[in-house]
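**Q**
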Amino acid sequence: MTEERQKAIWAIYVWCRRTDELVDGPNADYMNSGVLERWEERLHDIFDGRRPYDMLDAALSDTVFNFPLDIKVCSSLLLYQKVLDAIEDNDYDNLTKRAYVGRTKKLLMLPLA
Numbered sequence: 027m028t029e030e031r032q033k034a035i036w037a038i039y040v041w042c043r044r045t046d047e048l049v050d051g052p053n054a055d056y057m058n059s060g061v062l063e064r065w066e067e068r069l070h071d072i073f074d075g076r077r078p079y080d081m082l083d084a085a086l087s088d089t090v091f092n093f094p095l096d097i098k099v100c101s102s103l104l105l106y107q108k109v110l111d112a113i114e115d116n117d118y119d120n121l122t123k124r125a126y127v128g129r130t131k132k133l134l135m136l137p138l139a
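Residue numbers for the sequence shown follow the working numbering, so the first one is 27 and each next one is one higher.
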């Protein structure tokens, strides 16, 4: 695997991990719909070629520029969280949630294969 592909896979992993930490990490209790909306805006900025917010966003921006990633796959992870938030009783299986994050990472890495 080329170094460029290795860096791209790392950037995708980091974005997915950061997203997961945002909604399921130690500060998740402080997360609200506004935080998730701002995170989604950052994602759109990356795919629209706008200036990255930080170095980790820059890594994903570089990956988006060099590989045919689809924003819909990234957005599906955020949409999934919004759906979970909309469920009033929040009675969902955490294992299922984590499995979904893993599938999203795999889908994002397909263009790099």
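Idealized CB from N, CA, C, for every residue including glycine.
Bear in mind that the values here come from a model prediction, so they are computed numbers and not experimental data.
Going by CA-CA distance only, name the one from Asp96, Asn92, Lys108, Gly60 that's closest to Thr28.
**A** Checking every option, the nearest Cα to that of Thr28 belongs to Asn92.
**Q** Quick check on DSSP: helix, strand or coil for Thr28?
**A** Thr28 falls in the coil class under three-state DSSP.
**Q** Among the candidates Gly51, Pro78, Leu62, Ala84, whose CA atom is the shortest distance from the CA of Leu105?
**A** With distances taken between Cα atoms, Leu105 lies closest to Leu62.
**Q** Kindly confirm or deny that the region 56-73 and the region 82-90 touch, where touching means at least three C-beta pairs closer than 8 Å.
**A** Output reads yes: the region 82-90 touches the region 56-73.
**Q** Where do the ends of the alpha helix (DSSP H) carrying Asn92 lie?
**A** Counting along the chain, the alpha helix (DSSP H) containing Asn92 begins and ends at 81-92.
**Q** Are there 16 or more other CB atoms within 10 angstroms of the CB of Gln32, so buried, or fewer, so exposed?
**A** It counts as exposed.
**Q** Could you have a look at Arg44 and say whether DSSP puts it in helix, strand or coil?
**A** Helix, per DSSP.
**Q** Using the Cβ count rule (16 or more neighbours within 10 Å means buried), how would you classify Ala37?
**A** By the neighbour-count rule (16 or more Cβ atoms within 10 Å), Ala37 is buried.
**Q** Alpha helix (DSSP H) containing Gly143: first to last residue?
**A** Because the chain in this structure spans residues 27 to 139, residue 143 falls outside the shown range and cannot be described.
**Q** Exposed or buried, Asp46, counting other C-beta atoms within 10 Å across all chains shown (16 or more means buried)?
**A** Its Cβ being crowded by 16 or more others within 10 Å, Asp46 is buried.
**Q** Quick one: what does DSSP say Leu104 is sitting in, helix, strand or coil?
**A** Correct three-state label for Leu104: helix.
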